[in-house]
Amino acid sequence: VAIIVLVSLFVGFHKKIVHALQPAVERIHDLKFGWLIPIAMFFVMSFPPLFGHEILAILCGLVWGAEVGFAITAAGTFLGEVANFYTFKHFCQARGEKLQKDSITYAALCEVIRERGFKVALVARYSAIPGHLTTAIFSVCGMGIFTFMLAALLSLPKQFITVYIGVMLESDQNSSGASTSKVIGDVVGAITLLVTVVAMWYINKAVNDMKQQVIQERQKS
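Pasting the structure below:
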């Protein structure tokens, strides 16, 4: 529920936030290697509890355009998510194993991720669940790096849509007609909410189905 509320607020207020930050990003754009700065920002924001990917992606589309803006967003996001994956795998693996012993629900979630890793990762990454949070969970639960990387690459079209909203914001500023960016934003927001509901239902059902197997295995041991 909290995630759905946050998505709704973002859809409603992202335009004001973006326009407030636009002058600063335009100054970065004028620097010789300015495009490296948003890549670095995406990289840093890939570690929880930081956030702001969507706003920065819109700004990249607004200032750099669709092609360069998407390249910046994709590079920064992918590199940051891989670094996030390895960081949690290296520093939080022991705690994750302890949680699996203490919590049947968490143990079931880990089993689901290991058995249905690619499907779970892809569905979750297209939802409104923050990607850097799911990355940490996938890593600690034992998902393979290549499975994660494939899901991350295939979910990049979601980033392109966000960048394109920024491109449309630039067009809206030069047009007296209806706001194309608002229409696209509303549609994307509605679809994202729907995908989020389906993703949560799918994952919860899979975890509940797996609990019985986990309980039986523990009883045998």
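Quick note on the working numbering: the sequence shown kicks off at 4 and runs consecutively. Glycine included, every Cβ here is placed at the ideal spot set by N, Cα and C. The structure displayed is predicted, hence computed values, not measured ones.
Report the three-state DSSP secondary structure of residue i (helix, strand or coil).
{"i": "I132", "result": "coil"}
{"i": "D212", "result": "helix"}
{"i": "G169", "result": "helix"}
{"i": "C144", "result": "coil"}
{"i": "K161", "result": "helix"}
{"i": "D33", "result": "coil"}
{"i": "F50", "result": "coil"}
{"i": "V4", "result": "Confidence at V4 is low in this model, with a pLDDT of 47, below 50, so the placement of that residue is unreliable and no value is reported for it."}
{"i": "W67", "result": "helix"}
{"i": "G55", "result": "coil"}
{"i": "W204", "result": "helix"}
Classify residue i as buried or exposed, calling it buried when 16 or more other Cβ atoms lie within 10 Å of its own Cβ.
{"i": "N211", "result": "exposed"}
{"i": "N207", "result": "exposed"}
{"i": "F81", "result": "buried"}
{"i": "R221", "result": "exposed"}
{"i": "E29", "result": "exposed"}
{"i": "S158", "result": "buried"}
{"i": "K104", "result": "exposed"}
{"i": "A154", "result": "buried"}
In terms of alpha-carbon separation, which member of the options lies closest to residue i?
{"i": "C95", "options": "H135, V143, D105", "result": "V143"}
{"i": "L203", "options": "I218, Y89, K214, Y129", "result": "Sequence inspection shows Met at residue 203; the Leu mentioned does not correspond to that position. It is Y129."}
{"i": "E84", "options": "Q216, C113, A43", "result": "A43"}
{"i": "F36", "options": "I75, A69, F54, L153", "result": "I75"}
{"i": "V66", "options": "I168, I194, Y89, I187", "result": "I168"}
{"i": "M171", "options": "A60, H56, F88, Y205", "result": "A60"}
{"i": "A77", "options": "F91, H93, H56", "result": "H56"}
{"i": "E114", "options": "G79, K223, K214", "result": "K214"}
{"i": "K122", "options": "V201, K92, L62", "result": "V201"}
{"i": "I194", "options": "I164, E173, L53, Y205", "result": "I164"}
{"i": "T199", "options": "P26, Y109, E100, P133", "result": "P133"}
Thinking residue i and residue j are a contact (beta carbons under 8 Å), I'd like their distance in whole angstroms, please.
{"i": "M146", "j": "R117", "result": "7 Å"}
{"i": "V166", "j": "F50", "result": "Not a contact, Cβ separation roughly 21 Å."}
{"i": "F149", "j": "A86", "result": "About 16 Å separates the two Cβ atoms, so there is no contact after all."}
{"i": "A69", "j": "V217", "result": "About 46 Å separates the two Cβ atoms, so there is no contact after all."}
Hey, would you say the C-beta of residue i is under 7 Å away from at least one heavy atom of the ligand HEM?
{"i": "L24", "result": "Questions concerning the ligand HEM fall outside what the structure shown contains, since it holds no ligand whatsoever."}
Threshold first: 4 residues or longer. Then list the alpha helix (DSSP H) segments lying entirely within the region 72 to 121, N to C. For the region 72 to 121, whole alpha helix (DSSP H) runs of length 4 or above, ordered along the chain, are 96 to 105, 107 to 118.
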